[in-house]
Amino acid sequence: MLDTCSSPSVGPAARLDAHHLGALATATLIAEAELTPKPALVDQRGRGAHTDLDLALMVRSACALQPSFVAMARAATGARPSQHLRERLALLGREAETTMLTVTAGANAHRGAIWALGLLVAAAAITGPGAPTHLAGTAGAIARFPDRAAPPSPSPSHGSAARARYGVTGARGEACAGFPHVLEHGLPALRAARARGLDSTHARLDALLTLMAHLDDTCLLHRGGLLALHAAQRGARAVLDAGGTSTDAGLAALHQLDTHLLSLNASPGGAADVLAATLFLDALDPHAHDELPLDPPADARRPAPQESHHGTARL
């Protein structure tokens, strides 16, 4: 399965074909999964707040999704936002979810990312690489069409239940609005960190914390309610106020946040999905991007240590 991740290298300046866009989407998922240390999320230290996921499984899921992202890009090539394209992408997205659940034995590794990155892959196939505002706007235009062919669900998803209970917009609202958290928080934080000379790891971590500070994350709401959401938002702001993840004080605050979220059994999975979208758009911007390897590194192919737990990990 991991062989599906193999692809020639890609630069952001040229128009990308469907295969390259699919490879780039998968690369962003692997980059997000490998990013370490993340609070209560699967990373190279262990499972975080998840009992059914680890890094090796996240990588296998990402690689298994690459053909689906390629198919979405092909469906959008030469098209424009329309009801027909929306429903075609929705069908491919449901097929991608089935693939993911098969690979992970039923664990939800990337359902939110399939939605977000599927739309952005399609937008990039329509417009080619360019300004994030244009790509995100095109993705939003697709998302706003209804999915008339969606099968009835016997029970609401965790995200939709959280949206209904807490009155938040969730992943669907984020996409329909043209990914405002990516444009207003994720990308500015990523690029500001790079402008300060931070390496890609610290820049991406600071972007994640910035997203956590602002996003009404339905994953947190589902797992821990408003208590978990507010704890994550306050804790993320504390890390940033302490100087970010490149400072000793910031890392200490990150450790406290990690420990607190683990005690609540809560994970900011929504912010992780928005970070992946941020990295994807950044990589497609000819003027400012962070290079992403399109082949999974060797250490990501090995299973994460089963005994590792973030609460006892050394940051």
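Note that UniProt numbering gives residue 245 to position 245 of the sequence shown, counting from 1, and the numbers run on in steps of one.
Each residue gets a CB set at the ideal place from its N, CA and C atoms; glycine is no exception.
- In the DSSP assignment, Arg45 falls outside any alpha helix (DSSP H), carrying neither H nor E.
- Straight across, the Cα-Cα distance linking Cys63 with Thr77 is about 22 angstroms.
- Linking Leu135 to His287 through their CA atoms gives a straight-line distance of about 14 angstroms.
- Residue range Gly269 to Leu284 is occupied by the alpha helix (DSSP H) that includes Phe280.
- Taking 8 angstroms as the upper bound for CB-CB distance, Leu65 and Ala105 are not in contact here, some 16 angstroms apart.
- Around the beta carbon of Ser267, 16 or more other beta carbons sit within 10 angstroms, so the residue counts as buried.
- Distances from the alpha-carbon of Asp217 to those of Thr210, Leu229 and Asp206 put Leu229 closest.
- Residue environment: His84 is assigned as exposed (fewer than 16 neighbouring CB atoms within 10 Å of its CB, all protein chains considered).
- Taking C-alpha positions only, Cys176 is separated from Arg144 by approximately 5 angstroms.
- Judged by DSSP in its simplified three-state form, Val168 adopts coil rather than helix or strand.
- Look at Gly22 here: in three-state DSSP terms it is helix.
- By the beta-carbon neighbour count (other beta carbons within 10 angstroms, threshold 16), Pro151 is exposed.
- Arg163 sits in a helix when the DSSP states are folded into three classes.
- Exclusion of the five residues before and after Asp147 leaves Arg86, Glu87 and Ala90 as the residues of its chain whose Cβ lies within less than 7 angstroms of its Cβ.
- Within the model, the alpha-carbon separation for Ala277 versus Leu254 is close to 22 angstroms.
- Shown here, Phe179 sits in coil according to DSSP, grouped into three states, outside any helix or strand.
- Between the segment 106 to 119 and the segment 168 to 187, the count of Cβ pairs shorter than 8 angstroms is three or higher; the stretches touch.
- Between the C-alpha atoms of Gln256 and Ala18 there is a straight-line separation of about 42 angstroms.
- By the beta-carbon neighbour count (other beta carbons within 10 angstroms, threshold 16), Thr28 is buried.
- Across the set Gly22, Ala25, Ala283 and Leu227, the C-alpha of Leu227 shows the shortest separation from the C-alpha of Leu262.
- Straight-line spacing of the CA atoms in Gly178 and Ala25 works out to 18 angstroms.
- Leaving aside the five residues that flank Ala252 on each side, none in its chain has a CB nearer than 6 angstroms to its CB.
- Membership of Ser200 in the alpha helix (DSSP H) is indicated by the continuous run Ser200 to His214.
- Within 10 angstroms of the beta-carbon of Arg80 lie fewer than 16 other beta-carbons, which makes it exposed.
- Between the segment 197 to 214 and the segment 28 to 45 there are three or more inter-stretch CB-CB distances shorter than 8 angstroms, so the stretches are counted as touching.
- Taking 8 angstroms as the cut-off, the Cβ atoms of Ser61 and Val121 do not count as close.
- Excluding residues up to 5 positions away in sequence, Asp52 and Leu53 lie with their Cβ nearer than 6 angstroms to the Cβ of Ala107 in the same chain.
- At least 8 angstroms separates the beta-carbon of Ala162 from that of Ala139.
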